[in-house]
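Remarks on the structure that follows.
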Amino acid sequence: MDCYHCGEECRSETLLFQEKYFCCSGCKTVFEILDSNDLSYYYDLEKSPGISPNLKEGKYDYLENTEILDKLLEFDHGNTQIVSFTIPSIHCSSCIWILENLNKLHKGIKSSQVDFPKKTIRLSFSSEELSLKNLVLLLVRIGYEPNISLDNFEKKENGIDRSLIYKLGVAGFAFGNIMFLSFPEYFEINEFWLEQFKHLFRWLMFSFSLPVVFYSGKDYFISAYKGLRSGILNIDVPIALGISVLFLRSTAEIALDLGTGFFDSLSGLVFFLLLGKFFQQKTYSFLSFERDYKSYFPIAVTRIFTEEGKTREEQIQVYKIEKGDRIIIRNEELIPMDAILIKGKAKIDYSFVTGEAEPVTKISGDKLYAGGRQQGGIIELEALKQVQQSYLTQLWSDEVFSKDKNSVFQNLTNQISKRFTYAVLSIAILSSAFWIFYDASKAWNVFTAVLIIACPCAIALAAPFTLGNILRIFGKNHLYLKDANIIEQTAEIDTVVFDKTGTITTNDRSRIEYEGIELTNEEKQLLSGSLRASNHPLSRSLYNILDKHNISTPESFTEHTGQGLETTYKDLRLKIGSPAFVNQTETIDSGVPNKKKPEKTSVYISANDQYKGCFSFHNSYRDGLAELFRRLSEDRELIILSGDNDGERERLQEIVPEGTRMFFNQKPGNKLQFIKDLQQKGRKVMMVGDGLNDAGALAQSNVGIVISEDINVFSPACDGILGAKRFKDLGKFFDLSGKAIKVIKLSFLLSLFYNLIGLGFAVSGNLMPVVAAILMPLSSISIVVFTTLMTQFISKDLKK
Amino acid sequence: MSIIYMLLAISVVVAIIFFIAFIISVRKGQYDDVYTPSVRMLFDDELVKPDPKENQPVNKVKSN
Numbered sequence: 001m002d003c004y005h006c007g008e009e010c011r012s013e014t015l016l017f018q019e020k021y022f023c024c025s026g027c028k029t030v031f032e033i034l035d036s037n038d039l040s041y042y043y044d045l046e047k048s049p050g051i052s053p054n055l056k057e058g059k060y061d062y063l064e065n066t067e068i069l070d071k072l073l074e075f076d077h078g079n080t081q082i083v084s085f086t087i088p089s090i091h092c093s094s095c096i097w098i099l100e101n102l103n104k105l106h107k108g109i110k111s112s113q114v115d116f117p118k119k120t121i122r123l124s125f126s127s128e129e130l131s132l133k134n135l136v137l138l139l140v141r142i143g144y145e146p147n148i149s150l151d152n153f154e155k156k157e158n159g160i161d162r163s164l165i166y167k168l169g170v171a172g173f174a175f176g177n178i179m180f181l182s183f184p185e186y187f188e189i190n191e192f193w194l195e196q197f198k199h200l201f202r203w204l205m206f207s208f209s210l211p212v213v214f215y216s217g218k219d220y221f222i223s224a225y226k227g228l229r230s231g232i233l234n235i236d237v238p239i240a241l242g243i244s245v246l247f248l249r250s251t252a253e254i255a256l257d258l259g260t261g262f263f264d265s266l267s268g269l270v271f272f273l274l275l276g277k278f279f280q281q282k283t284y285s286f287l288s289f290e291r292d293y294k295s296y297f298p299i300a301v302t303r304i305f306t307e308e309g310k311t312r313e314e315q316i317q318v319y320k321i322e323k324g325d326r327i328i329i330r331n332e333e334l335i336p337m338d339a340i341l342i343k344g345k346a347k348i349d350y351s352f353v354t355g356e357a358e359p360v361t362k363i364s365g366d367k368l369y370a371g372g373r374q375q376g377g378i379i380e381l382e383a384l385k386q387v388q389q390s391y392l393t394q395l396w397s398d399e400v401f402s403k404d405k406n407s408v409f410q411n412l413t414n415q416i417s418k419r420f421t422y423a424v425l426s427i428a429i430l431s432s433a434f435w436i437f438y439d440a441s442k443a444w445n446v447f448t449a450v451l452i453i454a455c456p457c458a459i460a461l462a463a464p465f466t467l468g469n470i471l472r473i474f475g476k477n478h479l480y481l482k483d484a485n486i487i488e489q490t491a492e493i494d495t496v497v498f499d500k501t502g503t504i505t506t507n508d509r510s511r512i513e514y515e516g517i518e519l520t521n522e523e524k525q526l527l528s529g530s531l532r533a534s535n536h537p538l539s540r541s542l543y544n545i546l547d548k549h550n551i552s553t554p555e556s557f558t559e560h561t562g563q564g565l566e567t568t569y570k571d572l573r574l575k576i577g578s579p580a581f582v583n584q585t586e587t588i589d590s591g592v593p594n595k596k597k598p599e600k601t602s603v604y605i606s607a608n609d610q611y612k613g614c615f616s617f618h619n620s621y622r623d624g625l626a627e628l629f630r631r632l633s634e635d636r637e638l639i640i641l642s643g644d645n646d647g648e649r650e651r652l653q654e655i656v657p658e659g660t661r662m663f664f665n666q667k668p669g670n671k672l673q674f675i676k677d678l679q680q681k682g683r684k685v686m687m688v689g690d691g692l693n694d695a696g697a698l699a700q701s702n703v704g705i706v707i708s709e710d711i712n713v714f715s716p717a718c719d720g721i722l723g724a725k726r727f728k729d730l731g732k733f734f735d736l737s738g739k740a741i742k743v744i745k746l747s748f749l750l751s752l753f754y755n756l757i758g759l760g761f762a763v764s765g766n767l768m769p770v771v772a773a774i775l776m777p778l779s780s781i782s783i784v785v786f787t788t789l790m791t792q793f794i795s796k797d798l799k800k
Numbered sequence: 001m002s003i004i005y006m007l008l009a010i011s012v013v014v015a016i017i018f019f020i021a022f023i024i025s026v027r028k029g030q031y032d033d034v035y036t037p038s039v040r041m042l043f044d045d046e047l048v049k050p051d052p053k054e055n056q057p058v059n060k061v062k063s064n
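As you go down the protein sequences, you meet chains A and B in turn.
Letter by letter, the first sequence follows residues 1 to 800 in UniProt numbering.
Letter by letter, the second sequence follows residues 1 to 64 in UniProt numbering.
This is how it looks when you write it as structure tokens:
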């Protein structure tokens, strides 16, 4: 039975309400809220569109702090407040509909607008009728929890860069008008009136071409200049040369009344080039590839202080915490700075920072590092450092995070353009030298014609269109790359470094082993029945592997949060949970072999206070891992770099091909250094990771790929995000990148062929404007068609 | 035939008007999110649906 609201399978409890089934009271509440406000159209748009709400008490209390409010609100005046949030759970048209009809839920909300690709909402509301805190709580209650992190704190004036659209618009506009104006001359009609008007037509074309050269085309000049200054002949050098020769020769021609000039080809060339750039500029705006710790860290914490002898709590900005301040961290909250534990039972999950899979227990007086997540009750800490100076956050001060990787990488197009430019220049000089002796009047014509026709429009288009296509194909297959250059870099990778936890292992612990005294049938039946009623993730995993046919429903059932379950059936009493809860620590110490590996997650069981045994959970490796490793190891070196201990070394060795190097207990800084060392040996390294602990290594590597179970959840700064389900296809992505490079090379050959035809005209001194006007678009369009067909063909294997 | 001056002027002016319209639309952000409006458009009919059924019980639980 599936939940009417969220579509999840209903498990332990099924709520029936208005003849509809719900998996939990949260989902039912959302339905009630929407239904009572006449918003049930939400459920007609898409089937089970909802998200189960998950509200934690006190989580948003900091939104009462006016300083924080100031930072969050985009606009705040009198009765109108405007705020924008990122809501990761926006996923379908129902979401858009409900979020844009929030004003029906509360009259304090004036209007709301969703940007679906970015997964953001912009709300205009009146803080007199509805405070920001209540607004956020309203969103959380209907299942759309906004993400508010330290990132929101720095108001970014990120004006969207629309200059490419403008440039494209200008070039397209001029191209169309110039074509239109040059039509009469294409047919060389020697008609009286046309002769009369041709000067006007020509000067009009000239004025249309001015913005094309000086505005639309200016990036090519800038880039060519930069390239020349640093001694690189990039592809923009011949392009800039072509554009300027086209413009100067055409202007000279119309000024001296020698002919029409090539204004049509000029604007067409710039238009097509920009089109290529535009096509390549595919961005996944709902993903961010530039995240650092700020996206994860909370914006505020609870500080406690004494005032007039009384202890008081206040919500305060994280940045304002000084050394020595006392703070409170609740269940599931992140520790924002290095601190000392003062009070409370700390069970810290560092998986986020170190890759260690198991939470560690700390006692009062222990040092806690920033980035750990508390699991359990409330703890009190004393801050040791400010946020920016903590151990984890200092990783971001490494220079690797401020470096632009792409500036170092020389792509294929630029490699070719070097030879190409030399070849074109020598042809131009040789042929004009020949004409000087033969017919000196034509020498200048030939020289410029060669430079015009050889302008590498088609070459410059080959890579953008091929890579742009591949980028889209990758995106459809859940590999989202930051930009098209990454594909070229991927094709060159010779070393692949994998993180372990969360990257090659899955997060759900589905491999379970039982150790201890065998359970009787009655015990097994009650165990299944008890686990079925529990919502704890470990109970769920364990329940999934147990026999579900003979189940006895417990007569009494108590769940002790953070400890375990206690259930009875007839005269049998089971305790299921942590060793301390089961109260058999001594027994475990003495007889049970599990003792030597205490880092494993285990569920202990006792029947009528007699210890029975424990179920140990192991991370299971992702599907197709062995096959992927075998495939990749054929021509690349594979390395495993884990922050975890080496408990899994033996099992890993069975899976990975022989000769795979493995390193354990690697701290984030070690990983970064490791990649750097490999690169100094001339390796092209890909890092595949998942957490913040890999952030340094991901930034340092040539290509950093993040594996993500849910791409809407944030991932650290990287070059690409791969959906976990497609992990096994990583090899195919590699192959496809290699093939894409071959397609680009073939397109280069094709465009050279066009260039040779054009050069034939140019060298012989017969280049008519109309020939140039046909040849240039023709070569460009055929390159576009060729690359599109080829990329579709080579990616057949990936789609399936 | 001097009417051609006039015609040319008109054609250029018309082209420039459209070009300016394009620039304005880009500047206003009409091209920033090209997906959501395509979905939003489909809702319009429902938005007008005028019956906020007054005094309707909040929870009409059906027991069975």
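Backbone N, C-alpha and C fix where the C-beta goes; we use that ideal spot for every residue, glycine too.
No experiment lies behind these values; they were computed from the predicted model shown.
- For Ala-607 (chain A), DSSP records a beta bridge to A:Leu-574 and A:Gln-610.
- For Ser-530 (chain A), the uninterrupted alpha helix (DSSP H) run begins and ends at 521 to 533, by DSSP.
- For the pair of segments examined, the segment 162 to 174 of chain A was found to touch the segment 204 to 216 of chain A: the number of CB pairs separated by less than 8 Å reaches three.
- Contact of Ile-239 (chain A) with chain B is not assigned, every C-beta pair being separated by 9 Å or more.
- Around Tyr-166 (chain A), the beta-carbon contacts reaching into chain B at under 8 Å are Ile-23 and Val-26.
- Runs of the beta strand (DSSP E) spanning 3 or more residues and lying entirely within the segment 255 to 318 of chain A occur at 300 to 307 and 310 to 317, in chain order.
- In this structure Phe-187 (chain A) is exposed. Its beta-carbon is surrounded by fewer than 16 other beta-carbon atoms within 10 angstroms.
- Val-12 (chain B) is a Cβ neighbour of Leu-204 (chain A), given a cutoff of 9 Å.
- Burial is judged here by how many other beta carbons sit within 10 angstroms of a residue's own beta carbon; Thr-306 (chain A) has fewer than 16 and is exposed.
- For Gln-394 (chain A), there is no enclosing alpha helix (DSSP H), as DSSP marks it with neither H nor E.
- With a cut-off of 8 Å on Cβ pairs, the segment 249 to 261 of chain A is not in contact with the segment 471 to 490 of chain A, counting fewer than three such pairs.
- In the DSSP assignment, Asn-147 (chain A) forms a beta bridge with A:Thr-86.
- Under a 10 Å Cβ-count criterion, Asn-665 (chain A) is classified as exposed, with fewer than 16 other Cβ atoms of the shown protein chains found around its own Cβ.
- Contact between Val-582 (chain A) and Ile-605 (chain A) is confirmed by a C-beta separation of about 7 Å, below the 8 Å threshold.
- Any Cβ of chain A closer than 9 Å to the Cβ of Val-39 (chain B) would place that residue at the interface, and such an atom is present.
- DSSP, reduced to helix, strand and coil, places Gly-475 (chain A) within a helical segment of the structure shown.
- When A:Ile-178, A:Gly-377, A:Thr-80 and A:Asn-702 are compared, the shortest CA-CA separation from Arg-202 (chain A) is found for A:Ile-178.
- Beta-bridge pairing by DSSP links His-560 (chain A) to A:Gly-564.
- Close CB contacts of Arg-661 (chain A) within its chain, under the 6 Å cut and outside five residues either way in sequence, are with Ile-639 (chain order).
- When secondary structure is reduced to three states using DSSP, His-199 (chain A) falls in the helix class.
- Considering only A:Thr-311, A:Ile-299 and A:Leu-269, the residue with the shortest C-alpha distance to Leu-461 (chain A) is A:Leu-269.
- Nearest Cα to Ala-224 (chain A) within the set A:Lys-218, A:Gly-231, A:Val-237 and A:Ser-230: A:Val-237.
- Interface flag for Asn-65 (chain A) against chain B is unset, since no Cβ pair is found closer than 9 Å.
- If you look at Ala-443 (chain A), you'll find it in the alpha helix (DSSP H) that goes 412 to 453.
- Taking a contact to require three or more Cβ pairs closer than 8 Å, the segment 76 to 86 of chain A and the segment 24 to 38 of chain A do not qualify as touching.
- Val-34 (chain B) counts as exposed, since fewer than 16 other beta carbons sit within 10 angstroms of its beta carbon.
- Excluding residues up to 5 positions away in sequence, Ile-427, Val-450, Ile-453 and Ala-454 lie with their Cβ nearer than 8 Å to the Cβ of Leu-759 (chain A) in the same chain.
- Within the segment 169 to 186 of chain A, those residues whose Cβ lies closer than 7 Å to any Cβ of chain B are, in chain order, Gly-169, Phe-173 and Asn-177.
- Residues of the same chain with a CB within less than 7 Å of the CB of Thr-503 (chain A), apart from the 5 flanking positions on each side, are Val-688, Gly-689, Asp-690 and Ile-707 in chain order.
- Taken through DSSP and simplified to helix, strand or coil, Arg-661 (chain A) comes out as strand.
- Contact annotation for Pro-117 (chain A) against chain B: Asp-33 and Tyr-35 [CB-CB distance below 7 Å, chain order].
- With its beta carbon at least 9 Å from every one in chain B, Ser-89 (chain A) lies outside the interface.
- In its chain, beyond the 5 residues on either side, Thr-361, Lys-362, Ile-363, Asp-366, Leu-368, Gln-374, Gly-376 and Ile-379 have a beta carbon closer than 8 Å to the beta carbon of Ala-346 (chain A).
- For the options B:Phe-22, B:Ala-15, B:Val-14 and B:Ile-4, the alpha carbon positioned closest to that of Gly-169 (chain A) is the one of B:Phe-22.
- Between Val-114 (chain A) and Pro-53 (chain A), the CB-CB gap reaches or exceeds 9 Å.
- Considering only A:Leu-481, A:Arg-229 and A:Tyr-21, the residue with the shortest C-alpha distance to Gly-720 (chain A) is A:Leu-481.
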